[in-house]
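So the sequence shown is numbered by the working numbering: it starts at 18 and just counts up by one. Every residue gets a Cβ at the ideal spot worked out from N, C-alpha and C, and that includes glycine. Following: one structure in structure tokens, then a few remarks.
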Amino acid sequence: MSWTRRAGSSVQPSDRAPGLLLGEDVKIGEGVRFGAYVVVHAGTVIGDGCDVQDGAILGKPPKLARHSSAPREQPRPLALGAGTVVCARAIVFAGAEVCEGAILGDQCYVRERAQIGARTVIGRGSAVDNDVVVGARVRVQTDVYLTAFSVLEDDVFVGPGACTTNDDTMSRHGPEYALRGATLRRACRVGGGAVLCPGVEVGEEAFVGAGAVVTRDVPA
């Protein structure tokens, strides 16, 4: 038996793990481990030694609202580098790229065209929006929101509950308006509960305290 999705792709049961559903043309490397009730959508590439835990969804096709300003082109298949860990009930969209040794925590959410660098950790329940670039060895703690078009360079730390924003108009803008996420330069640190307003840049090795509301650039 197979199930057909709205986008036209189908998934079929696999005997590799209890409740595992695999789409067409999925590529699975050596030594990959699946938990129970994982869904892997069409075309997804899973590198050697990955660990995909219970209830994770890989390669989910994006579904945009009619008024969304996100690009609408068909994303490439999801690619997971060797040794990636996708924890329980995490959702990773088609078009995302996750480099080797990264860890995506329980219930985290990684959207299309997001890039996650090698050995980076995305904490439990955190959201990485579309077109976000996260470098290597970055540590994003629990319940962080990385808004679309943000950039985090290598070795950045983001504390729990921190939030980035990208739209000063709060969606009262025309189609020509360019969303501007935060830019976090190499090895800077952002404390828990901080809010970064659209377009701000936190300099290399800079420190943002817990609960801060950042409305302008923070120098290195």
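> Which of helix, strand or coil does DSSP assign to E129?
Replying inline: Within the sequence shown, numbered from 1, the residue matching residue 129 stands at position 112. DSSP places E129 in coil when its eight states are reduced to three.
>> Can you tell me whether H190 is buried or exposed? The criterion is at least 16 other CB atoms within 10 Å of its CB, across all chains shown.
In response: On the sequence shown, position 173 is the one that residue 190 refers to. With fewer than 16 other Cβ atoms within 10 Å, it is exposed.
>> Taking the alpha-carbon of A73 as reference, which of Q91, V109, L97, G48 has the nearest alpha-carbon?
In response: Start at 1 with the first residue of the sequence shown, and residue 73 comes out as number 56. Nearest C-alpha to A73: V109.
>> Since V207 and V155 should fall inside the 8 Å C-beta cutoff, what is the C-beta to C-beta distance between them, to a whole number of angstroms?
In response: If you number the sequence shown from 1, residue 207 lands on position 190. If you number the sequence shown from 1, residue 155 lands on position 138. About 11 Å; that fails the 8 Å criterion.
> Ordered along the chain, which non-local residues of its own chain (more than five positions away) have a Cβ less than 6 Å from that of Y126?
Replying inline: In the sequence shown, counting from the first residue as 1, residue 126 sits at position 109. So the qualifying residues of the chain are I108, A144.
> If you draw a straight line from the C-alpha of V43 to the C-alpha of Q132, how long is it?
Replying inline: Locating residue 43 in the sequence shown gives position 26, counting from the first residue. Locating residue 132 in the sequence shown gives position 115, counting from the first residue. Cα to Cα, the separation comes out at about 20 Å.
>> Assuming S274 is part of the beta strand (DSSP E), what are its boundary residues?
In response: This structure does not reach residue 274, given that the chain is present from 18 up to 237, and the question cannot be answered.
>> Can you tell me whether G122 is helix, strand or coil according to DSSP?
In response: Stepping through the sequence shown from its first residue, residue 122 is reached at position 105. In the structure shown, G122 sits in coil (DSSP, three-state: anything other than H, G, I, E or B).
> In chain order, what residues of the same chain lie with their CB nearer than 7 Å to the CB of R33, ignoring the 5 residues before and after it?
Replying inline: Position 16 of the sequence shown, counted from the first residue, corresponds to residue 33. If we look at R33 and ignore the five residues flanking it on each side, its Cβ neighbours are F51.
>> Check whether chain C comes within 9 Å of C67, counting only Cβ atoms and requiring the distance to be less than that.
In response: Of the chains in the structure shown, none is chain C; there is only one protein chain.
> Distance, Cα to Cα, A227 vs V28?
Replying inline: Mapped onto the sequence shown, residue 227 falls at position 210. Mapped onto the sequence shown, residue 28 falls at position 11. If you take the alpha carbons of A227 and V28, they lie about 44 Å apart.
> Near V161, what residues of its chain come up, given a Cβ to Cβ distance below 6 Å and the 5 sequence neighbours on each side ignored?
Replying inline: Stepping through the sequence shown from its first residue, residue 161 is reached at position 144. The residues are S143, V175, A179.
> Where S188 and Q124 are concerned, what is the direct C-alpha to C-alpha distance, given to the nearest angstrom?
Replying inline: Counting from one through the sequence shown, the residue named residue 188 turns up at place 171. Counting from one through the sequence shown, the residue named residue 124 turns up at place 107. Roughly 27 Å separates the two Cα atoms.
> Would the beta-carbon of A238 fall within 9 Å of that of A96?
Replying inline: Missing from the structure shown is residue 238; the chain here goes from 18 to 237 and no further.
>> Could you give the first and the last residue of the continuous beta strand (DSSP E) run that contains C40?
In response: As a position in the sequence shown, residue 40 is number 23, starting the count at 1. Looking at the sequence shown, residue 40 is not Cys but Gly. Here the beta strand (DSSP E) through G40 covers 38-40.
>> Judging by CA-CA distance, which residue of C67, R93, G48, D68 is the nearest neighbour of H58?
In response: Here residue 58 refers to the residue found at position 41 when the sequence shown is read from its first residue. The residue with the shortest Cα to Cα distance from H58 is R93.
>> Between which two residues does the beta strand (DSSP E) holding G76 run?
In response: For the purposes of this step, residue 76 is taken as the residue at position 59 of the sequence shown. Residues 74-77.
> Under 9 Å, do A165 and G198 count as touching if we go by C-beta distance?
Replying inline: Against the sequence shown, residue 165 aligns to sequence position 148. Against the sequence shown, residue 198 aligns to sequence position 181. Contact: yes.
> Going by the beta-carbon positions, is the gap between C116 and R141 smaller than 9 Å?
Replying inline: For the purposes of this step, residue 116 is taken as residue 99 along the sequence shown, with counting starting at 1. For the purposes of this step, residue 141 is taken as residue 124 along the sequence shown, with counting starting at 1. Their beta carbons are not under 9 Å apart, which means C116 does not touch R141 by this criterion.
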